[in-house]
Structure formats: structure tokens, C-alpha cells
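Counting from 1392, one number per residue, gives the positions in the sequence shown under my numbering. Each residue gets a CB set at the ideal place from its N, CA and C atoms; glycine is no exception. All of these numbers come straight from a predicted model, not from anything done at the bench. Following: one structure in C-alpha cells, then a few remarks.
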Amino acid sequence: MLKILVTGGFGVGKTTAIGAVSEIEPVSTEEYLTQDSAWCDSLDGIEAKTTTTVAFDFGRITFEVPLPIELMLFGTPGQDRFRDLWDDLARGAVGIVVLADTRRLDSSFPAITFSERTQLPFLIAVNEFDHAHRYPLTDIRQALALPPHVPVVTCDARDPASIGTVLIHLVDHALTPQPAHPTTLEA
1392 MLKILVTGGF GVGKTTAIGA VSEIEPVSTE EYLTQDSAWC DSLDGIEAKT
1442 TTTVAFDFGR ITFEVPLPIE LMLFGTPGQD RFRDLWDDLA RGAVGIVVLA
1492 DTRRLDSSFP AITFSERTQL PFLIAVNEFD HAHRYPLTDI RQALALPPHV
1542 PVVTCDARDP ASIGTVLIHL VDHALTPQPA HPTTLEA
């Protein structure tokens, strides 16, 4: 059994992704957005969003191929005011999926910085929203200033097969020995 953290900015599809692949009824702490949070929860680019995660999401998926493995998926809330929870949710994880939205790529930076700080293996999964412009992955890597060892893949958070592929890619990345990188070397 492996623990995976799914993180990213507000409205990038974390709850949707976990719900799409979970073989159990996912645990969700979704609440309705209200006028009281309008000052801190910008809906620019995601105007149709009506709910938000206020603690975490949880799901489970089992794979038999390429080898039997059970993944426990923990999704973080995306708003700045809930970031204190991220460290607790990351404890014991073997890797992190950072979901990104090209319509609001800047919302990815806090999750990337967090992932780098944890020193856990992570990858960027670009959620290809309907009607969003598709960019080459090399352009996204450059825009996010990612080092070469961080995988960048595309996905559709609504599609179980797509999210399953992302999760297998992360597990493979996390369990494959990586060479030391200048950002992780101690002086």
C-alpha cells in the first residue's frame, strides 16, 4: 500500500481526479462557495465552480498490472488559506501529483514549491480542460521552470484511465532510483 498526494491550485481538478479513479466512495470535504470567501477565492477562469475542498479528499485504487499495488490517494485543498494542511497530508507519501491548469498556470507555483521542499518525487499532470489551449509539454516545463528530472504529462481528470496512467507513471518515477540533483545536494 502506497500513499500518494494529489495537489495543485484552486480548481485544477483534484477532487474530480480522485473521484474518477477511486474504487471506493471517495471521502470528500467539499463545501459550497459563498460570498464570504469571494475576497480570497478568485474564480477568474473557473467561474462555473460552485464547491471547494476545505480539508482533503481521499480515495483508493488497486492495480494488478504491471504489479499488484494499492494506492491511497489524498487530495489537498487548493486555496492559500488551507496550505497549512499540506504538510500533514504529505506525511508518509511516496510521491506527489501536481495537477496544473494551463488557463491559470501561475496557480501551480505554490504546489511545485511545496513538492520541491518535501523532497518527494513528483510529476506535473496538465489537466486538459475543455476549450483550454494545448501547449507543447516542453513549453509548459519551461514556463514552470522545471528541472529535467520532473516528468510532465497530460491528463483528463474526469477519465479514470487517464488518471490511472498518471498514477502508474508517478509510482514508477517514485520507485526508480534518481541521480542526485544540485537542488537536493547538501553542502
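- Can you tell me whether T1467 is buried or exposed, with buried defined as 16 or more other CB within 10 angstroms of its CB? buried
- Message: Helix, strand or coil for A1565? Go by DSSP, reduced to three states.
- Response: helix
- Let me know if T1398 comes out buried or exposed under the rule of 16 or more other beta-carbons within 10 Å of its beta-carbon. buried
- Item | Beta-ladder partner(s) of R1451, from DSSP | M1463
- Query: Just checking, does the region 1403 to 1411 make contact with the region 1476 to 1485 on the three C-beta pairs under 8 Å criterion?
  - Reply: no
- Item | CA nearest to the CA of I1415, picked from I1452, T1545, L1393, I1531 | I1452
- Message: Please report the straight-line C-alpha distance between I1515 and P1457, rounded to a whole angstrom.
- Response: 22 Å
- Item | Through-space distance from F1449 to V1418, alpha-carbon basis | 5 Å
- Rounded separation between D1550 and V1412 - CA only: 8 Å
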